[in-house]
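*Asks:* Quick one: structure below, then a few questions.
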Amino acid sequence: MGEVRWGCPKEHKMQIDMQNRKSIISKLSLFICAMIVFVACAFGWLTAQLEPFKQIELWTIDKRLKQSIPTVSKKIVLILIDEQSRNILGKGSGSLSHQHYITVIQRLKDAKVIAFAHVFSSEMNSYWANQFCGITAQSSQIVHAMRMPITTLYQAKQYEQREWLKIPSQHALPKPIGKEKRCYASIPEIELPFRDLLLATPALGHVTLITDIDQITRRTPLIIKYHDQYYPALSLAVACEYLDIPLKNLEIKPGKYIVLNRPEKQGEAIKIPIDDKGQMWINYVEDISHFTQVSFHNVWVSGELYFSDSINQNLPDFTDKIVFIGRADNDVKGLLKTPSAKEFYPIGIHASIVNSIINQQFVKEASSFWNGIFSVGIVAILTITLAFFKWRWYFFLLFFCGIFAGIFMITLVSFSKAGVLLNIMAPTIGGFLAVGMGLGWRYSEERAKNAEQNKEREQAETLAMTIRGLAHNLKSPLSQISSLTQKALGCKDLEIIHRTLSEIIEQKDSAGRTAQQILEATGEPIFVSFDLTRCLNRSLSEIFQMNPMWEEKIQLKRDYKTKPQIYADRDKLEIVFQNIFLNAYQAMEDKGDSLTVKVNSTQKAIFVEVQDTGCGIKKENLPDVTKPGFTTKKAKGGSGVGMWITKYVVEQVHKGKLSLDSEEGIGTKVLVELPILSKNV
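Heads up: the sequence shown begins at 12 in this note's numbering, then just goes up one per residue.
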């Protein structure tokens with residue numbers, strides 16, 4: 012025996028359809044969530060590149076940078092060419108001679124590195140210039156400065172081709188590993204030490220500093236390319252000299268690190284994080300005064316007295332120190348803004364960079380990958396929460412506030428614990444957009460859900476009304492049958508009994524016709540392709556068979572502009588047109604002389620218009636004509652289901668439209684609009 016299956020196949024099919032629908036809705040929800048995340052992240056990233064949002068991002072970076080105050084190394088000493096030095100040693104002109112620098116260099120003979128933060132581009136007095144070059148050549152600890160126009164990985168434009176502008180290859184760095192990224196800037200001139208000094212100096216580094224769009228210096232290019240060679244920043248050259256790391260031992264990985272490979276047994280390599288332009292974020296000391304400082308004048312005096320065996324001044328011990336010499340007077344050009352100060356001397360910036368390198372306290376910008384993961388994570392959390400959690404509005408508000416507060420907390424923690432700068436604006440903008448799109452989606456879903464509930468409610472009300480109407484229509488013949496049966500039972504006259512039984516049969520047939528018409532109209536539709544005008548003619552023939560007098564008394568006008576083929580349920584449409592024609596002829600029995608049937612079509616729909624000249628329908632009754640159980644022809648045997656069936660077949664089965672227009676005493680016009688469907692629908 013085969014397997015016995017219990018239950019209704021239709022119910023089983025409905026359950027499968029419901030499961031499939033839920034599966035489709037779930038997949039659609041996931042797809043919409045993914046699209047919201049993608050659009051929000053892309054929009055957030057693009058918007059964050061706009062200047063106003065860049066400035067906000069930089070402002071948040073400043074707040075984080077101010078919270079990270081690095082340890083100040085005692086190995087760094089600043090010799091400041093201040094107002095006192097320029098006035099006394101410069102004798103009013105403000106210019107110091109090479110002789111002064113020679114004295115100071117001799118005083119600093121025990122220092123590990125002597126770095127000049129300004130460029131000696133002029134020879135001034137040739138004798139002392141030669142002496143200056145000589146002492147520079149004899150010393151292995153001096154690092155001189157040069158200034159270069161920058162691009163990136165920072166490539167300097169070759170404005171001049173003079174031989175002496177070529178920098179000795181000994182000062183060059185190894186070539187970067189990987190792809191370079193170039194970005195030209197607008198510093199117009201290159202400034203190198205004068206020729207003899209350029210050839211004499213044991214180490215060289217550029218002092219070019221750049222600013223962001225808000226004119227604040229936060230990063231510095233550690234590498235500049237010039238004449239197909241790569242040269243270090245002054246701070247990088249100084250750090251290498253201090254750590255005894257030859258420039259050839261450096262590995263440059265744009266977008267990752269500059270690796271300072273120490274000689275064996277001197278410790279692990281130092282990795283300086285740089286971006287793809289070779290820039291390093293500067294981890295500033297809070298103020299330049301935190302470094303050990305001394306006036307250039309005092310050091311010079313100390314040097315003079317030192318050689319005359321006089322009393323040494325109250326100066327710091329320079330032994331094994333990094334000594335920066337640079338201007339710090341009121342006339343110094345190039346005072347820069349930093350996140351921690353409105354005015355910061357360049358010498359302090361170079362010292363801060365060296366301090367960061369030797370202490371290995373770096374600020375690192377998160378890579379595009381991790382910034383992307385951060386943005387996607389924030390946006391995804393917001394989107395999924397909106398999509399799948401049905402919280403009350405105040406829970407959502409608290410949650411969203413917590414998320415956006417969490418963005419700032421995560422960026423602060425990542426910086427304080429690991430020195431990593433995560434972007435704030437991209438996930439914030441993307442998060443707000445995701446919230447907006449998610450709320451819009453939720454709102455549209457709620458509207459669709461409410462609309463569906465309203466539709467179900469209307470369908471339930473319509474069904475209840477239909478059942479009441481049908482019950483009322485069936486109650487009338489059943490009541491008649493009951494009354495006639497009682498009459499027949501109490502009567503002994505066979506002729507009266509026979510007549511009563513005939514009336515019972517008529518009432519039974521009337522109820523049967525109503526039930527049959529409902530069953531045929533609401534049964535499973537069978538769609539075929541056929542000529543609609545033939546369907547109309549057959550329906551008219553059926554009506555004429557019911558009452559041949561109508562064909563003779565009332566003039567029929569057929570106006571078929573086309574003979575369209577339609578893909579529909581032919582039997583159900585015949586019922587529709589029979590009901591319409593029957594109502595029209597019944598309305599014209601006492602008044603009226605013509606019935607007009609028009610057929611027209613477009614590429615999308617077929618229109619059938621039926622116009623009678625009968626008694627018409629009262630305005631107040633017109634909205635109720637298609638409701639089940641409503642009839643104005645009870646005396647003529649109206650069941651009240653004809654126009655309801657007509658509306659159901661046209662609009663529910665064929666997705667068309669039924670409209671009525673009537674004026675009492677003039678006539679009624681019924682318009683049936685049927686869409687042209689293909690056999691694939």
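Just so it is clear, CB atoms sit at the ideal spot from N, CA and C, and this is done for glycine as well.
Shortest alpha-carbon distance to Leu91 belongs to which of Ile221, His308, Gly145 and Asn272?
*Replies:* The candidate whose alpha carbon is nearest that of Leu91 is His308.
*Asks:* Work out the CA separation of Phe380 and Thr330 for me, nearest whole Å.
*Replies:* Looking at the two C-alpha atoms, the distance is approximately 45 Å.
*Asks:* Determine which residues share a DSSP beta bridge with Ala214 and list them.
*Replies:* Partner(s): Val154.
*Asks:* Could you name the residues of the same chain whose beta carbon sits closer than 8 Å to that of Met46, not counting the 5 residues immediately before and after it, in chain order?
*Replies:* Here the set comprises nothing.
*Asks:* Starting from the C-beta of Gly676, find all residues in its chain whose C-beta is less than 6 Å away, skip the five residues before and the five after it, and write them out in chain order.
*Replies:* Only Gly627 meet the Cβ criterion.
*Asks:* Once you ignore the five residues that flank Glu585 on each side, which residues in its own chain have a CB closer than 7 Å to its CB?
*Replies:* Closer than 7 Å at Cβ, skipping near neighbours: Cys546, Arg549 and Ser550.
*Asks:* Under the three-state reduction of DSSP, which class applies to Ala616: helix, strand or coil?
*Replies:* Strand.
*Asks:* Please report the Cβ distance between Asp93 and Asp340, rounded to the nearest whole angstrom; I am assuming they are in contact, meaning their Cβ atoms lie under 8 Å.
*Replies:* Sure, about 5 Å apart at Cβ, within 8 Å.
*Asks:* Within 10 Å of its beta-carbon, does Ile227 have 16 or more other beta-carbons around it, so buried, or fewer, so exposed?
*Replies:* Counting Cβ neighbours within 10 Å, Ile227 comes out buried, since at least 16 surround it.
*Asks:* Would you report the Cα separation of Gln290 and Lys38, rounded to the nearest angstrom?
*Replies:* So the two alpha carbons sit approximately 45 Å from each other.
*Asks:* May I have the straight-line CA-CA distance separating Glu535 from Tyr596, to the nearest angstrom?
*Replies:* The straight-line gap from Cα to Cα measures roughly 30 Å.
*Asks:* Under 8 Å: do the stretch 217-232 and the stretch 353-368 share three or more Cβ pairs, one atom per stretch?
*Replies:* Touching, yes, given that three or more Cβ pairs across the two stretches are closer than 8 Å.
*Asks:* Using 8 Å as the threshold, is the C-beta distance between Leu119 and Ile113 below it?
*Replies:* Contact flag unset, no.
*Asks:* Considering only DSSP beta bridges, list what Met291 is partnered with.
*Replies:* Partner(s): Thr231.
*Asks:* Quick one: using the 10 Å Cβ neighbour count with 16 as the cut-off for buried, is Gln556 buried or exposed?
*Replies:* Burial call: exposed.
*Asks:* Indicate the three-state DSSP secondary structure (helix, strand or coil) for Thr222 in the structure shown.
*Replies:* In the structure shown, Thr222 sits in coil (DSSP, three-state: anything other than H, G, I, E or B).
*Asks:* How should Tyr165 be labelled, buried or exposed, when 16 other C-beta atoms within 10 angstroms of its C-beta is the threshold for buried?
*Replies:* Any reading at Tyr165 is ruled out, since the residue's pLDDT is 45, under 50, leaving its predicted position unreliable.
*Asks:* Round the Cβ separation of Ile565 and Ser605 to the nearest angstrom and send it over; I've been treating them as touching at under 8 Å.
*Replies:* That belief holds up - the Cβ atoms of Ile565 and Ser605 are roughly 7 Å apart, short of 8 Å.
*Asks:* Any idea what DSSP makes of Arg273, helix, strand or coil?
*Replies:* Of the three classes helix, strand and coil, the one that applies to Arg273 here is coil, per DSSP.
*Asks:* If I'm right that Val249 touches Leu261 with Cβ under 8 Å, what's the distance once you round it to whole angstroms?
*Replies:* Contact flag wrong, Cβ pair sits at about 14 Å.
*Asks:* Relative to the alpha-carbon of Phe335, which residue among Leu347, Ile72, Val310 and Val619 has its alpha-carbon at the smallest distance?
*Replies:* When each option's Cα is compared against that of Phe335, the closest is Val310.
*Asks:* Short of 7 Å in beta carbon distance, which residues of its chain neighbour Ile67, apart from the five on each side in sequence? Order them along the chain.
*Replies:* If we look at Ile67 and ignore the five residues flanking it on each side, its Cβ neighbours are Met436.
*Asks:* Between Ile577, Glu620 and Val664, which has its C-alpha nearest Asp570's C-alpha?
*Replies:* Nearest option by C-alpha distance: Glu620.
*Asks:* In whole angstroms, what separates the C-alpha of Gly501 from that of Trp655?
*Replies:* Taking the straight line joining both Cα atoms gives about 39 Å.
*Asks:* Three-state secondary structure (DSSP) at Pro350?
*Replies:* In this structure, Pro350 counts as coil in the three-state DSSP scheme.
*Asks:* Classify Ala678 as helix, strand or coil using the three-state DSSP reduction.
*Replies:* Note on identity: in this sequence residue 678 is Gly, with Ala being the wrong assignment. Looking at Gly678 - three-state DSSP - the assignment turns out to be strand.
*Asks:* Between Glu202 and Pro179, what straight-line distance do the alpha-carbon atoms span, to the nearest angstrom?
*Replies:* Approximately 15 Å between the Cα atoms of the pair.
*Asks:* Write down every uninterrupted run of the alpha helix (DSSP H) in the stretch 80-159 whose length is 4 residues or greater and which is fully enclosed by it, in chain order.
*Replies:* Those alpha helix (DSSP H) runs which fall completely within the stretch 80-159 and span 4+ residues are 94-100, 109-118 and 137-149.
*Asks:* Does the distance from the CB of Ile263 to the CB of Pro187 come in under 8 Å?
*Replies:* Cβ atoms of Ile263 and Pro187: closer than 8 Å.
*Asks:* Nearest-angstrom Cα distance between Met441 and Lys74?
*Replies:* According to the sequence as given, residue 441 is Gly; it is not Met. When rounded, the distance between both Cα atoms is 22 Å.
*Asks:* Determine the extent of the alpha helix (DSSP H) in which Glu297 is found, giving its start and end residues.
*Replies:* Looking at the DSSP string, Glu297 is not in any alpha helix (DSSP H), and its letter there is neither H nor E.
*Asks:* Within a Cβ cutoff of 6 Å, which residues of the same chain sit near Cys144, ignoring the five residues on either side of it in sequence?
*Replies:* Correct list, in chain order: Asp207, Leu208 and Ala211.
*Asks:* If you draw a straight line from the C-alpha of Asn370 to the C-alpha of Pro81, how long is it?
*Replies:* Those two C-alpha atoms are separated by around 8 Å.
*Asks:* May I have the straight-line CA-CA distance separating Lys466 from Gly667, to the nearest angstrom?
*Replies:* For Lys466 and Gly667, the distance between alpha carbons rounds to 18 Å.
*Asks:* Under 6 Å Cβ to Cβ from Met448, same chain only, skipping five residues before and after it: list those, please.
*Replies:* Taken in chain order, the residues that qualify are Ile47.
*Asks:* I'd like the span of the beta strand (DSSP E) that includes Tyr253, first residue to last.
*Replies:* Not the beta strand (DSSP E): Tyr253 falls in the alpha helix (DSSP H), residues Leu245 to Tyr253.
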